[in-house]
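As numbered in my numbering, residues 56 to 359 make up the sequence shown, in order.
C-beta atoms are modelled at their ideal positions from N, C-alpha and C, and glycine is treated no differently.
Everything numeric in this text was worked out from a predicted model, so none of it was measured.
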Amino acid sequence: MTALPLGMGVATLMREPSARQRRRLLDHAYELGYRHFDVAPVYGLGAGETELGKFVAGHSDVVVTTKVGLAPGRGARLVSHVQGPLRAALRTFPALRAVAKNRSSAAATSVEVTADAMMSSVQQSLERLRVDAIDRLLLHEVPATDLSEAALRAAENLVERGAVRRFGVSGPPEVIRASDVDNHDLVTVVQTSDSLAPSTYFSRRDVAWVHYGVLSMNLHRLAPVLDDRPRQESLEQLLDRPLRSLEHLAGALVLLSAAARPGATVLVGTTSEAHLATAAQAVEGALPEAEAVARARRILTDGR
56 MTALPLGMGV ATLMREPSAR QRRRLLDHAY ELGYRHFDVA PVYGLGAGET
106 ELGKFVAGHS DVVVTTKVGL APGRGARLVS HVQGPLRAAL RTFPALRAVA
156 KNRSSAAATS VEVTADAMMS SVQQSLERLR VDAIDRLLLH EVPATDLSEA
206 ALRAAENLVE RGAVRRFGVS GPPEVIRASD VDNHDLVTVV QTSDSLAPST
256 YFSRRDVAWV HYGVLSMNLH RLAPVLDDRP RQESLEQLLD RPLRSLEHLA
306 GALVLLSAAA RPGATVLVGT TSEAHLATAA QAVEGALPEA EAVARARRIL
356 TDGR
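This is the structure we're talking about:
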């Protein structure tokens with residue numbers, strides 16, 4: 056199975072109440088060719104890393120990203136003790152899921168990323184993930200410029216001794232811009248949202264890109280293109296694929312995000328096996344040329 060330029064986001068996965076179904080989704084993603092899995096201590100009220108660790112134990116060819124900078128808040132820690140009954144209630148009363156989603160999104164708290172905090176967080180993540188090294192450790196919505204010299208040295212030490220393979224930053228565009236990546240050689244991974252708008256954050260070419268939010272930010276916002284025949288036909292010609300439904304549009308968005316930068320990975324957050332498959336089908340085979348990608352993204356965002 057050829058690895059696809061796709062990653063699975065554990066934040067969304069943990070909204071699925073059934074542990075059996077969560078494992079089934081992870082297995083299905085792997086079977087489709089997903090090899091990148093994104094997690095953080097805060098996901099799943101703190102249980103996301105533990106759950107992913109059980110899966111990773113049987114797969115040596117995956118890339119695992121975790122983070123430091125956000126932690127479960129006090130409310131999340133209290134709820135974590137009753138997650139079993141809570142998930143059972145969500146299965147029984149599906150209408151509660153929207154409420155739980157809103158509550159969980161506000162359950163994180165920022166922590167100062169000191170040298171000690173970073174070392175402690177990494178050690179806990181290693182234990183929960185059941186791995187000897189973290190493939191990618193990212194600052195979680197914390198600009199690299201916020202780190203003290205001691206914290207930067209701690210990150211360098213983690214990389215030098217092999218506990219962390221690559222270090223980087225995850226967050227919205229303003230966090231990436233504030234990170235001054237051109238002057239932080241330690242940062243070799245950047246994970247940020249993809250609104251399809253043109254963006255230039257730094258000039259370095261040796262940085263691995265990961266995009267998130269391409270569907271949640273754009274799918275319904277851009278759905279009117281399906282009723283705009285000239286734009287629809289232009290996109291179909293550029294991408295050499297039909298664009299007649301929301302499913303087609305979702306696939307096109309994933310494709311355009313994956314092809315936007317060389318070697319980019321697109322995170323897919325879903326609890327649907329069908330949605331995982333739609334994204335996988337979209338990026339099978341050769342990606343479009345850069346000129347076609349840029350023009351298609353302009354047509355979607357600017358109408359031209």
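Relative to Ala112, the option among Arg185, Val230, Ile354 and Ala102 whose CA is nearest is Arg185. Met63 is bridged by DSSP to Phe92 and Val323. Secondary-structure assignment with DSSP links Lys122 through a beta bridge to Leu193. For Ala205, the CB contacts under 6 Å within the same chain, skipping 5 residues up- and downstream, are Ala170 in chain order. The DSSP-derived three-state label of Tyr98 is coil. The Cβ atoms of Glu302 and Thr333 lie closer than 8 Å to each other. When C-alpha distances from Leu355 are compared across Glu182, Ser271, Gly268 and Val280, the shortest belongs to Val280.
One thing to note: Asp190 has its Cβ no nearer than 8 Å to the Cβ of Val269. Rounded to the nearest whole angstrom, the CA to CA distance from Gly108 to Val338 is 27 Å. In the DSSP assignment, the residues bridged to Thr164 are Ala126. When DSSP assignments are scanned along the segment 247 to 294, the uninterrupted stretches of beta strand (DSSP E) that are 3 or more residues long and fall wholly within it turn out to be 263 to 267. Counting along the chain, the unbroken beta strand (DSSP E) around Gly223 starts and ends at Val219 to Ser225. By the CB criterion at 8 Å, Val166 and Leu193 fall outside the cutoff. Excluding the 5 residues flanking it on each side, Gln76 has same chain C-beta neighbours closer than 8 Å at Thr326, in chain order. When the alpha-carbon of Ala313 is set against those of His83, Val348 and Leu293, the nearest one is in Val348.
Residue range Ala74 to Leu87 is occupied by the alpha helix (DSSP H) that includes His83. In the same chain as Glu211, and ignoring 5 residues on each side of it, the C-beta atoms closer than 7 Å to its own belong to Leu241, in chain order.
Gln246 and Glu344 have their C-alpha atoms roughly 23 Å apart. Our two residues, Ala351 and Gly318, have alpha carbons roughly 19 Å apart in a direct line.
Boundaries for Ser234: no alpha helix (DSSP H) harbours it, and the DSSP string shows neither H nor E there.
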